[in-house]
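S.K.: In terms of this note's numbering, the sequence shown opens at residue -1 and continues consecutively. Glycine is no exception: its CB is placed at the ideal position from the N, C-alpha and C atoms. Quick one: the structure is below, questions incoming.
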Amino acid sequence: MKIAILFPGIGYHCDKPLLYYSGKLAAQYQYEVIKVPYTNLSRSIPEAFADACSQTENYLKNINWSQYEDILFISKSIGTAVAAAYAQKHDIRCRNIYYTPLAQTFDFAPQFGLVFHGTRDSWAETAVIEKKCQEHRLPLSIIENVNHSLELEPADTTAPRPVKSDIIQNIRILESVMNLTGQYLASGLYYRALSADEICRELFRNFTRHQNVGKCWRKEDGKWVIRDDPFIDDWTEDDYQFLVQCLKNTVQTGGFVYAAFCEHSSGHMLKGFVSVEPALFGGEQGYLDLSSIHVSEDMRGHGIGKSLFLAAKNWARQKGARKLYLSTHSAVETQAFYKAMGCVEAQVYDQHHVEQEPYDCQLECPLG
C-alpha cells in the first residue's frame, strides 16, 4: 500500500496548483492521498509552525503507518518544516517533495526528496537553500526569477491582472515542475548537478551505454540521406576513464554537468547525464558546446533525455549563449530525439568537432 500526505503552506492550500497537481499525480500512481487542512494560521512563522504541527498531529493521529510500504510527503512552504518535523518525531521513513522550503525546514534533518526553489522567493534566500541542500544531499531545482509560489512576478505591476505572456510562462514552469515530480513518483528519478569530486569510474557502475545502430544519416553531395550502417555502440573501460577525465575538466573549468539518478533500495544509481562546456565560441552565433548527453539503456523512454536537454538549455541561456552547439551521433533514432528538442543543422561547423568525429551530425539549438 502507498500513501501520500499533502502539507500546505500559509495561505497556500491543497487546491492551489503545486499541491493540486502533485496530488493528482500521486493518485495516478496509486497513492492514497490525504490532504492536511490547516485553519487560521498566523502570519508569524514560529506561531504558524506550532499551530500547524498541532493540527497535523490531530488530523493524522489515526493513521497506521506500518501498513504502508511507500510513504510520500508532499509539502509547501511552512508545510515542508511541518512534514520534516512530523517524520522526525514519529520516526517515519518517507520520500519527499519539498516545494519552496523555508530555512527552518532544515532544522529537522529532512529526509531525502526533491527540493524546488525560486530565486525571487521572499520567504527564503537562495544561498541559504543551496547551502542547506548541499549539507543534506538533497537534489535542488532552482527556477530563475520566480517567487514563493514558483510563479513569475507580473511584468507590469500596474496592470489589474497578469498579462497573457506571464500566464503562459507560469503554465510552462508548472509543467516542468510537475514533469520532475511525476518522474520521481513513477520511477524514483531525480536530477542534480555534479561536483568534480564525485565524478569517478564508480559513479557509472550501473550505467549502460549500449546502443544497437541500424541506419544513420549521411551527407552526400550536399544532401542528407539515410544509409544502412549496422553496428553496436558501447564504451570500453578506456572510454569510461576518458569520460571521467572530460567531465571532471568540464566542472573544474566552470562548465555544467547535470545528472539523472534513480532512487533504489540498493542505492542511488546514475542513469543519465549532460555536459555543457563554459567557453562561448562561433562569434555572432554565440555557441556553447553541449559536449555530451547520454541515458542508460535500461532507462530510455522515461523522459530523462528531454529533462537533461532542457536543463542544459536553461544553464546555457543564463550564461549568455544564443545557441547550443552539438556534434551528435548520426543514428536515425538519435537524430529524431535532437529534432524533437528543436535542433537543426549548424549554420557554422566547428572544425575541431568535424575532425574528431567526421560522421557526426553538426547541430545547433537556438535558446531564444
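1. Distance check for T248 and L241, CA to CA, integer angstroms please.
2. So what does DSSP say about K337, is it helix, strand or coil?
3. Are the Cβ atoms of G186 and E261 separated by less than 8 Å?
4. Between the stretch 208 to 227 and the stretch 326 to 340, do at least 3 Cβ pairs fall closer than 8 Å?
5. By DSSP, does Q296 sit in helix, in strand, or in coil?
6. Given a cut-off of 8 Å, decide if R199 and Y238 are closer than it, judged by their beta-carbon atoms.
7. Which one of I76, Q316 and R320 has the shortest CA to CA distance from G280?
8. Please list the segments of the beta strand (DSSP E) lying wholly inside the stretch 202 to 261, counting only runs of 3 or more residues, in order along the chain.
9. Is I61 helix, strand or coil when you go by DSSP?
10. Using the Cβ count rule (16 or more neighbours within 10 Å means buried), how would you classify Y18?
11. Cα-Cα, which of N143, I72 and L150 is closest to P108?
12. Between the C-alpha atoms of N376 and I95, what's the straight-line distance to the nearest angstrom?
13. Let me confirm a value: I302 is counted as buried when at least 16 other C-beta atoms fall within 10 Å, else exposed. Which label applies?
14. Flag this pair as yes or no: are the beta carbons of V34 and I76 separated by less than 8 Å?
15. Could you check which residue in A344, Y36 and D105 has the C-alpha nearest to that of H384?
16. Tell me, which residues are paired with M(-1) by DSSP?
17. Taking only the alpha-carbon atoms, compute the straight-line gap between L308 and I165 and give it to the nearest angstrom.
18. Report, in whole angstroms, the separation of the C-beta atoms of Y188 and L112, which I expect to be a contact under 8 Å.
19. Among residues of its own chain, excluding the 5 on either side of D231, which ones have a beta-carbon nearer than 6 Å to its beta-carbon?
20. Would DSSP call A85 helix, strand or coil?
21. Under 8 Å between the Cβ atoms of I43 and I69?
22. Taking the Cβ atom as the reference point for each residue, do L361 and L324 lie within a distance shorter than 8 Å?
23. May I have the straight-line CA-CA distance separating A194 from K130, to the nearest angstrom?
24. If you count every other CB in all the chains shown that lies within 10 Å of the CB of E196, and 16 or more means buried, which is it?
25. With a threshold of 7 Å on Cβ separation, who are the neighbours of E128 within its own chain once the five nearest residues in sequence on each side are excluded?
26. Buried or exposed: S40, going by 16 or more other Cβ atoms within 10 Å of its Cβ?
27. Please name the residue or residues paired with M367 in a DSSP beta bridge.
28. Could you say which of C214, I32 and T78 lies nearest to C51 if we only look at CA atoms?
29. How is P44 classed by DSSP in three states: helix, strand or coil?
30. P364 lies in the beta strand (DSSP E); which residues open and close that run?
31. Leaving out five residues on either side along the sequence, give the residues of the same chain with a beta carbon under 6 Å from the beta carbon of W63.
32. For S328, name the three-state secondary structure that DSSP assigns.
33. Check each candidate in L148, V293 and F254 and name the one with the smallest Cα separation from M267.
M.R.: With the given structure in hand:
1. Mapped onto the sequence shown, residue 241 falls at position 243. Mapped onto the sequence shown, residue 248 falls at position 250. Going from the Cα of L241 to the Cα of T248 covers about 11 Å.
2. Stepping through the sequence shown from its first residue, residue 337 is reached at position 339. K337: helix per DSSP, three-state reduction.
3. Taking the first residue of the sequence shown as position 1, residue 186 is located at position 188. Taking the first residue of the sequence shown as position 1, residue 261 is located at position 263. Yes. Within cutoff.
4. yes
5. For the purposes of this step, residue 296 is identified with residue 298 of the sequence shown, where counting begins at 1. The sequence given here places Asp at residue 296; Gln does not occur at that position. Helix, per DSSP.
6. Here residue 238 is taken as the residue at index 240 of the sequence shown, counted from 1. Here residue 199 is taken as the residue at index 201 of the sequence shown, counted from 1. Cβ distance < 8 Å, so Y238 and R199 count as in contact.
7. The residue labelled residue 280 in the question sits at position 282 within the sequence shown. Nearest option by C-alpha distance: R320.
8. 209 to 218 and 221 to 231
9. Translated into the one-based positions of the sequence shown, residue 61 becomes position 63. It is coil, neither helix nor strand.
10. By 1-based counting over the sequence shown, the position of residue 18 is 20. Exposed, by the Cβ-count rule.
11. Position 110 of the sequence shown, counting from 1, holds the residue named residue 108. Measuring from the Cα of P108, the nearest candidate turns out to be I72.
12. Nothing about residue 376 can be read from this structure; the chain reaches only from -1 to 366.
13. Residue 302 sits at position 304 when you count from the first residue of the sequence shown. So I302 ends up on the buried side.
14. What you label residue 34 is simply residue 36 of the sequence shown in a count that begins at 1. What you label residue 76 is simply residue 78 of the sequence shown in a count that begins at 1. No.
15. What is shown of the chain runs -1 to 366, which leaves residue 384 out entirely.
16. Residue -1 sits at position 1 when you count from the first residue of the sequence shown. DSSP lists no partner for M(-1).
17. Position 310 of the sequence shown, counted from the first residue, corresponds to residue 308. Position 167 of the sequence shown, counted from the first residue, corresponds to residue 165. Using only the alpha carbons, I get a separation of about 20 Å.
18. As a working mapping, residue 188 is identified with position 190 in the sequence shown. As a working mapping, residue 112 is identified with position 114 in the sequence shown. Their Cβ separation, rounded to whole angstroms, is 6 Å, which keeps Y188 and L112 in contact under 8 Å.
19. Indexing the sequence shown from 1 puts residue 231 at position 233. Same-chain partners within the cutoff: Q209 and V211.
20. Looking up residue 85 in the sequence shown gives position 87. Here A85 sits in helix by DSSP.
21. Here the question's residue 43 lines up with position 45 in the sequence shown. Here the question's residue 69 lines up with position 71 in the sequence shown. Cβ distance not < 8 Å, so I43 and I69 don't count as in contact.
22. In the sequence shown, residue 361 corresponds to position 363, counting from 1. In the sequence shown, residue 324 corresponds to position 326, counting from 1. Yes. Within cutoff.
23. As a working mapping, residue 194 is identified with position 196 in the sequence shown. As a working mapping, residue 130 is identified with position 132 in the sequence shown. Looking at the two C-alpha atoms, the distance is approximately 19 Å.
24. Here residue 196 corresponds to residue number 198 of the sequence shown, with the count starting at 1. Flag for E196 reads exposed.
25. Here residue 128 corresponds to residue number 130 of the sequence shown, with the count starting at 1. Cβ neighbours of E128 beyond the five flanking positions: L138.
26. One-based indexing of the sequence shown puts residue 40 at position 42. So S40 ends up on the exposed side.
27. Only positions -1 to 366 of the chain appear in the structure, and residue 367 is not among them; the question remains open.
28. Numbered from its first residue, the sequence shown carries residue 51 at position 53. Per the Cα distances, T78.
29. Counted from its first residue, the sequence shown places residue 44 at position 46. DSSP places P44 in helix when its eight states are reduced to three.
30. In the sequence shown, counting from the first residue as 1, residue 364 sits at position 366. First-last of the beta strand (DSSP E) with P364: C359 to P364.
31. If you number the sequence shown from 1, residue 63 lands on position 65. Excluding positions up to five away in sequence, the list reads I90.
32. If you number the sequence shown from 1, residue 328 lands on position 330. Coil, per DSSP.
33. Here residue 267 corresponds to residue number 269 of the sequence shown, with the count starting at 1. Nearest C-alpha to M267: V293.
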